[in-house]
Amino acid sequence: MKYVVLGASAAGISGARRLRELDASAEITLISTDEHIYSRCILHHYIEGIRDLNKLQFVPADFIEANRIHWLKGEAAVKVDTVNKIVTTSTGKEVTFDKLLIATGSHVFFPPIPGLKEANNAIGFHDLDECEAIMQRAKTANNVVIMGAGLVGIDAASGLLHLGKSVTIVEMRDRMLSIQLDHKAASSYEKAFAQKGVKQLYSVGAKELILDENNAITAIKLNSDEVIPCDLLIVASGVRANVGFLEGSGIEVDRFGLVIDPLGQTSHPDVYGAGDVTGRNPIWPVAVKEGIVAASNMAGQTKEMTDFFASKSTMNFLNIPTMSLGLAQPENPEDYNIEIEEDDKGNYKKIVHKDGKIYGAILQGDLAYSGVLTQLIRNNIDVSKVKKPLFKIDYSDFFNMTENFEFTYKEH
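Here the sequence shown is numbered in the UniProt record's numbering, starting from 1 and rising by one per residue.
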């Protein structure tokens with residue numbers, strides 16, 4: 001069996017590993033633009049100097065050799081011929097396959113702001129090359145502006161703190177980490193970054209970039225008409241799936257990215273997909289699991305991607321640990337029961353539930369309750385049957401059930 005895997009990040013590497021586990025005699029070819037296997041989640045540690053390239057790796061140094069993988073590094077897939085089952089690379093190589101795993105990830109989206117396309121000091125923050133470019137530019141930059149206050153933008157801000165530069169975050173939404181956190185949890189990070197000297201502008205966006213004669217940004221005009229100085233712009237305002245090379249292949253894509261089913265299968269029975277290339281749930285644990293699920297099905301072992309934790313995010317910026325899970329900020333909060341518990345030590349807990357089902361949660365500060373919360377969701381526990389305040393539940397409250405599935409409790 002000839003397997004070809006496109007992409008050497010979380011989904012692709014997890015998929016390749018799984019293929020070798022299930023098929024000892026298979027021929028596995030890995031094609032990637034990356035020349036190293038590294039974790040994109042901790043690139044800010046690279047900027048900070050906390051980790052070198054070796055410490056960014058998430059597999060053993062001999063992973064490729066140990067798993068007998070033929071790696072075409074530094075090459076992109078530019079065409080997929082599903083009729084003849086051939087992948088063509090950017091150097092003109094043609095690689096045949098029996099089954100294909102597409103895990104090509106995503107790239108930074110540069111919005112259509114006047115001057116952005118021409119600017120030579122506007123850089124994304126999504127891969128090692130961009131990380132290196134930021135580090136080089138940051139040596140001489142004085143005013144760094146980060147466009148976007150999502151996870152990638154805050155990673156970038158964290159990595160730059162030690163340089164002593166002026167750092168400004170510009171975000172269209174009304175708070176930091178708006179997808180993951182509510183106003184209360186976000187405010188803890190906003191205050192902490194402000195104390196580190198990071199300026200933050202919310203509910204505002206870039207209207208125009210002011211360039212010098214060398215096409216370098218010198219300032220940014222915001223849609224509020226405020227002008228802020230800038231000599232290094234880090235673009236972290238979103239990503240787009242890498243699916244352009246699939247044009248003409250007949251493989252279905254939509255406005256988000258590659259379309260896959262719960263088995264990881266695309267519209268072609270021998271082509272599978274996993275990770276950020278789908279444009280959905282762009283977080284590391286999901287990419288890993290999707291890679292494993294897709295590879296399992298490619299090798300004939302049925303597995304499905306059915307996991308509530310697809311929307312789980314954990315973070316720890318400036319020593320403030322936080323977990324966001326599921327629907328933590330429902331659009332119509334009046335339709336749900338929302339339980340909140342907090343103290344004056346910075347600990348904050350929020351659970352969103354309805355009809356006995358937990359739909360989402362935020363924990364910040366003390367994450368000790370995350371274990372219980374995880375089990376409540378994983379085991380589909382009907383919390384309406386637990387006659388205790390939600391934040392007082394422990395394992396004994398739901399691991400002791402009567403025959404009719406009612407819960408028994410121990411007196412404390």
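Note that the Cβ used here is the ideal one computed from N, Cα and C, for glycine as well.
Beta bridge counterpart(s) of K350 as assigned by DSSP: Counting from one through the sequence shown, the residue named residue 350 turns up at place 350. BP columns for K350 point to I340, I362.
Entirely enclosed alpha helix (DSSP H) segments - the region 78 to 143, minimum 4 residues: 128 to 138
N297 - containing alpha helix (DSSP H), residue span: By 1-based counting over the sequence shown, the position of residue 297 is 297. Where N297 is concerned, the enclosing alpha helix (DSSP H) stretches over 284 to 298.
Exposed unless 16 or more other CB atoms sit within 10 angstroms - verdict on D231: Mapped onto the sequence shown, residue 231 falls at position 231. Counting Cβ neighbours within 10 Å, D231 comes out buried, since at least 16 surround it.
Proximity winner among K93, V235, N379, relative to G124 (alpha-carbon distances): Translated into the one-based positions of the sequence shown, residue 124 becomes position 124. With distances taken between Cα atoms, G124 lies closest to V235.
Minimum C-alpha distance to Y395 - residue among G74, K196, L376, A122: Taking the sequence shown and counting its residues from 1, the one referred to as residue 395 is at position 395. The shortest Cα separation from Y395 among G74, K196, L376, A122 belongs to L376.
Bridge-paired residues (DSSP) for P321: Looking up residue 321 in the sequence shown gives position 321. Note: P321 sits in a beta bridge opposite N316.
Reference D276, options G159, S158, C41, closest by Cα: As a working mapping, residue 276 is identified with position 276 in the sequence shown. Residue C41 is the option with its Cα nearest to D276.
Beta-carbon separation (whole angstroms), Y336 vs L101, contact threshold 8 Å: Start at 1 with the first residue of the sequence shown, and residue 336 comes out as number 336. Start at 1 with the first residue of the sequence shown, and residue 101 comes out as number 101. Actually they do not touch by this definition, with Cβ atoms about 38 Å apart.
Opening and closing residue of the alpha helix (DSSP H) in which L56 lies: Here residue 56 refers to the residue found at position 56 when the sequence shown is read from its first residue. Residues 53 to 56.
Same chain, Cβ closer than 8 Å to L222, neighbours up to 5 away in sequence not counted: For this step, residue 222 is matched to residue 222 along the sequence shown. If we look at L222 and ignore the five residues flanking it on each side, its Cβ neighbours are V170, L201, V204, G205, A206, K207, I228.
Whole-angstrom distance between S237 and G148, CA atom to CA atom: The sequence position of residue 148 within the sequence shown is 148, counting from 1. The sequence position of residue 237 within the sequence shown is 237, counting from 1. So the alpha carbons of these two residues sit roughly 4 Å apart.
Beta-carbon proximity check, Y348 vs E342, cutoff 8 Å: One-based indexing of the sequence shown puts residue 348 at position 348. One-based indexing of the sequence shown puts residue 342 at position 342. Closer than 8 Å, so yes.
Cβ neighbours of A133 in the same chain (closer than 7 Å, five flanking residues each side left out): Sequence index remark: in the sequence shown, residue 133 carries index 133 (1-based). Same-chain partners within the cutoff: I123.
Validate contact between the region 362 to 372 and the region 168 to 185 using beta carbons, cut 8 Å, 3 pairs: yes
Neighbourhood of E190 by C-beta, 8 Å cutoff - its chain only, sequence neighbours within 5 removed: Working through the sequence shown from its first residue, we reach residue 190 at position 190. Closer than 8 Å at the Cβ level, and outside the excluded window around E190, lie R175, M176, Q200.
CA nearest to the CA of S249, picked from H353, L19, V83, M323: Start at 1 with the first residue of the sequence shown, and residue 249 comes out as number 249. Looking at the Cα atoms, V83 is the closest of the given residues.
Residues near L56 in its chain [Cβ-Cβ closer than 7 Å; skip 5 each side]: Along the sequence shown, read from residue 1 onward, the residue named residue 56 stands at position 56. Excluding residues within five positions, the ones whose Cβ falls inside 7 Å are Y38, S39, I42, Y46.
Touching by the beta-carbon criterion (3+ pairs, under 8 Å), the region 285 to 303 and the region 15 to 26: yes
Three-pair Cβ contact test at 8 Å for the region 105 to 121 versus the region 50 to 64: Under the 8 Å Cβ criterion, the region 105 to 121 does not count as touching the region 50 to 64, having fewer than three qualifying pairs.
Buried or exposed by the 16-neighbour rule on C-beta atoms within 10 Å, applied to L53: Looking up residue 53 in the sequence shown gives position 53. L53 is exposed by the Cβ-count criterion.
Span separating the alpha-carbon of I154 from that of L116: Mapped onto the sequence shown, residue 154 falls at position 154. Mapped onto the sequence shown, residue 116 falls at position 116. So the two alpha carbons sit approximately 21 Å from each other.
Same chain only: Cβ atoms within 8 Å of L318, ignoring 5 sequence neighbours per side: Within the sequence shown, the letter at position 318 stands for residue 318. Cβ within range, chain order: S158, Y189, A192, F193, K196.
Residue 417 versus E290 - alpha carbon distance: In this structure the chain extends from 1 to 412, so residue 417 is not present and cannot be described.
8 Å CB neighbourhood of F110 in its chain, flanking five on each side removed: Residue numbering aside, residue 110 sits at position 110 when the sequence shown is read from its first letter. Taken in chain order, the residues that qualify are L116, K117, A122, G124, V235.
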